[in-house]
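Colleague: Before I ask anything, here is the structure I am working with.
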Amino acid sequence: MKLARAVLLAAAFVAAAAVCPSSATGEANGREKIVLRVEMDGAIGPASARQLEEALAVAADRNAQALILQMDTPGGLVTSMREMIAAILASPVPVIGYVAPAGGHAASAGTYILYATHVAAMAPGTNLGAATPIEMGGPLPSFPGDKNDGPEADKDKKNAPAGDAMIAKATNDAVALIRSLAELRGRNAEWGEKAVREAASLSAGAALQEHVIDFVARDTTELLQLADGRTVEIAGKKEALATKGLPVETLEPGWLIRLLAVITDPNIAVILMLVGVYGLVFEFTSPGAVAPGVIGTICLLLGLYALNLLPISYAGLALMLLGIIFLVVEALNPTVVLGLGGVAAFLLGAAMLLKIEGPGFEMSWAVIGTAAVLTLGLALLTGSYLWAARKNVPRVGAQAMQGLPAEILDWQGSEGHVLARGERWRAKADEPLAAGDSVEVADVRGLVLTIRRRNVGSDGARQ
224 MKLARAVLLA AAFVAAAAVC PSSATGEANG REKIVLRVEM DGAIGPASAR
274 QLEEALAVAA DRNAQALILQ MDTPGGLVTS MREMIAAILA SPVPVIGYVA
324 PAGGHAASAG TYILYATHVA AMAPGTNLGA ATPIEMGGPL PSFPGDKNDG
374 PEADKDKKNA PAGDAMIAKA TNDAVALIRS LAELRGRNAE WGEKAVREAA
424 SLSAGAALQE HVIDFVARDT TELLQLADGR TVEIAGKKEA LATKGLPVET
474 LEPGWLIRLL AVITDPNIAV ILMLVGVYGL VFEFTSPGAV APGVIGTICL
524 LLGLYALNLL PISYAGLALM LLGIIFLVVE ALNPTVVLGL GGVAAFLLGA
574 AMLLKIEGPG FEMSWAVIGT AAVLTLGLAL LTGSYLWAAR KNVPRVGAQA
624 MQGLPAEILD WQGSEGHVLA RGERWRAKAD EPLAAGDSVE VADVRGLVLT
674 IRRRNVGSDG ARQ
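For the sequence shown, the working numbering begins at 224 and goes up steadily by one.
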């Protein structure tokens, strides 16, 4: 009897399993049978944060089974990284962090983001780590053989704060962040702190052994197979992933995000500002051209918008603008001192522009130097044109006719006709003249020229 009951119970379980779909079908948790993917290549900045937020919104609208965040990044800005982490933590859709393809990495800010994802994975041949915050104006590297090198110096460095007070604060804040993420996701907090304080890095296999990631996957298909059945916490509730065999749809960034990715490069932002200033200068010096003013205004606004999204130093920006003003004044009133001061202010301001240097967001000295030289050249060129314009007063109307050579066509008494500038003119004179004489225009009254004899000496000059 007991055996019969056991058989009946087993048959009932098999029938229930056949009728009710398992978690692998993607319906057990009430989500759609689709997985979305967003790819993050290059430095993490404002465009990356905007792209992830939009992808999470699409995933939430479509109630996707999960969103794959595929990364290959050297790091980026702390502000953008924190925005992305906040978006992941608040996401109603599970986020699977995946460092791929082979040869890629999730360094610096990418490590924090991977720690924040609900499931973390890496492809073979990838690495992560080196998550130490990079501040501008940090300590200079020591030279080989420096007396501060060696085991004793290393011991002192471990006991001493990392650089000055500001760098120590940034480092401790980063440690607290990565430890909190590790505790939230059940990952290795000790190694996370080591990645921040000592810039430690791990390969994919080592990261799996250190319990930094959940598994290693060769491709997206294996990623979904290994993620299937894992339990994640969404909005305080436990939920099992059902990703095995589901189709993957890649979300491409829109044109606005692509534009944002270009203009938020600080070098591009500075160039846009300079083009804007040049365009406005041309418009003010040549009113009515329209095109320089329109292009200059658009570029200037784009540059200012991009800089507003970056952690800039307003003192550096003010120095750059002051340098441009000095160069413009130098063009209008050459003094040399203002020109040199303008170049110096521009270079110093550009060097101070960014408060924090992240991978992919460094100011290029080649760009700074080229921009300074072009600005100085433009100022000198404009100054030379203005100087020449001051010396050569424009002559129009009667003034333009004065001094022009002419030849008498016919003459009677004190008046006749002359040929001046290829035209026949009526002329008068106070001296006796004859046809064929060379004369010049002394004055113009209405349509009548007053002429005088043009005596030419042996040196070709008028006597």
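Here a beta-carbon is modelled for each residue, glycine too, at the ideal position from N, C-alpha and C.
1. Output the distance between the C-alpha atoms of Ile291 and Ala568, rounded to the nearest integer angstrom.
2. Asn395 lies in the beta strand (DSSP E); which residues open and close that run?
3. Whose C-beta lies closer than 6 Å to the C-beta of Gly326 among residues of the same chain, with five residues either side of it excluded?
4. Could you check what DSSP says for Ser661 in three-state terms: helix, strand or coil?
5. Applying the criterion that 16 or more other CB atoms from any shown protein chain within 10 Å of the CB defines a buried residue, is Glu584 buried or exposed?
6. Can you say whether Gln432 is buried or exposed, counting buried as having 16 or more other CB atoms within 10 angstroms of its CB?
7. Let's test the definition: count the other Cβ atoms within 10 Å of the Cβ of Asp372 and tell me whether it reaches 16, buried, or not, exposed.
8. Taking only three categories from DSSP, how would you classify Asn350?
9. Looking at the structure shown, is Gly636 part of a helix, part of a strand, or coil, going by DSSP?
10. Report the residue from Gly669, Ile267, Thr520, Leu604 whose alpha carbon sits nearest the alpha carbon of Glu506.
11. For the alpha helix (DSSP H) holding Glu210, just list the boundary residues, first then last.
12. Evaluate Arg408 with the Cβ neighbour count: other Cβ atoms within 10 Å of its Cβ, from every protein chain shown; 16 or more gives buried, anything less gives exposed.
13. Note down, in chain order, each residue of its chain lying with its Cβ closer than 8 Å to the Cβ of Gly564, except the 5 sequence neighbours on either side.
14. Which partner residues does Phe438 have in the DSSP bridge list?
15. For Val498, which residues in the same chain have their Cβ closer than 6 Å to its Cβ, ignoring the five residues on either side in sequence?
16. Go through its chain and collect everything with a Cβ distance to Leu532's Cβ below 7 Å, but skip five positions before and after it.
17. Pick out whichever of Glu416, Leu400, Pro317 has its Cα sitting closest to the Cα of Ala353.
18. Which residues in the same chain have their Cβ closer than 7 Å to the Cβ of Val641, if we skip the five residues on either side of it in sequence?
19. For Gln293, list the residues DSSP reports as bridge partners.
20. Hey, how far is the Cα of Gly468 from the Cα of Gln288?
21. Hey, is the stretch 438-446 in contact with the stretch 333-349, meaning 3+ C-beta pairs nearer than 8 Å?
22. For a minimum of 3 consecutive residues, which ranges assigned as the beta strand (DSSP E) are wholly contained in the stretch 407-471?
23. Put Val667 into one of helix, strand or coil per three-state DSSP.
24. May I ask you to list the residues that DSSP assigns as paired with Ser533?
25. Between Ala602 and Val560, what straight-line distance do the alpha-carbon atoms span, to the nearest angstrom?
26. What's the C-alpha gap between Arg668 and Gly511?
27. Taking the C-alpha atoms as reference points, what is the distance between Met624 and Gly502?
28. Does the beta-carbon of Arg441 have 16 or more other beta-carbons within 10 angstroms, so that it is buried, or is it exposed?
29. My assumption, with CB atoms under 8 Å, is that Trp634 sits in contact with Ala658. Please give the rounded CB distance.
30. Check whether the Cβ atoms of Gly562 and Met543 sit closer than 8 Å, and answer yes or no.
31. With DSSP run on the structure shown, which of helix, strand or coil describes Ile491?
32. DSSP three-state call for Arg675: helix, strand or coil?
33. Helix, strand or coil: how does DSSP classify Leu550 here?
34. So, are the CB atoms of Ile535 and Leu483 less than 8 Å apart?
35. Which residues in the same chain as Arg677 place their Cβ atom closer than 6 Å to its Cβ, once the five residues preceding and following it in sequence are excluded?
36. Report all residues from its chain with a CB closer than 8 Å to the CB of Arg285; omit the five preceding and five following residues, and keep chain order.
Modeller: Answer, in terms of the structure:
1. 46 Å
2. Note, Asn395: premise wrong, no beta strand (DSSP E); alpha helix (DSSP H) at 388-408.
3. If the five residues before and after Gly326 are omitted, its C-beta is found closer than 6 Å to the C-beta atoms of Gly348, all from its own chain and listed in chain order.
4. strand
5. Looking at the sequence shown, residue 584 is not Glu but Phe. So Phe584 ends up on the buried side.
6. exposed
7. Residue placement at Asp372 is flagged as unreliable, the pLDDT there being 47, under the threshold of 50; a coordinate-derived value is accordingly withheld.
8. strand
9. coil
10. Thr520
11. In this structure the chain extends from 224 to 686, so residue 210 is not present and cannot be described.
12. buried
13. Gly546, Phe549
14. Ala344
15. Cys522
16. Setting aside the 5 residues that flank it on each side, Leu532 is surrounded in the same chain by Pro269, Thr487, each with a C-beta closer than 7 Å to its C-beta; the list follows chain order.
17. Scanning Glu416, Leu400, Pro317 for the CA closest to the CA of Ala353 turns up Glu416.
18. Ala629, Glu630, Ile631, Leu632, Trp648, Ala650, Val662, Leu672, Ile674
19. Glu262, Tyr321
20. 12 Å
21. With a cut-off of 8 Å, the stretch 333-349 and the stretch 438-446 count as touching, because enough Cβ pairs lie within range.
22. Runs found: 424-426, 454-457, 460-463.
23. strand
24. Reading the sequence as shown, one finds Leu at residue 533 and not Ser. None, per the DSSP bridge assignment.
25. About 13 Å.
26. Arg668 and Gly511: Cα-Cα distance of roughly 33 Å.
27. Rounded to whole angstroms, Met624 and Gly502 show a C-alpha spacing of 37 Å.
28. exposed
29. 6 Å
30. no
31. In the displayed model, Ile491 falls within a helix according to three-state DSSP.
32. Correct three-state label for Arg675: strand.
33. helix
34. no
35. Cβ neighbours of Arg677 beyond the five flanking positions: Ser661, Val662, Glu663.
36. Glu255, Ile257, Leu259
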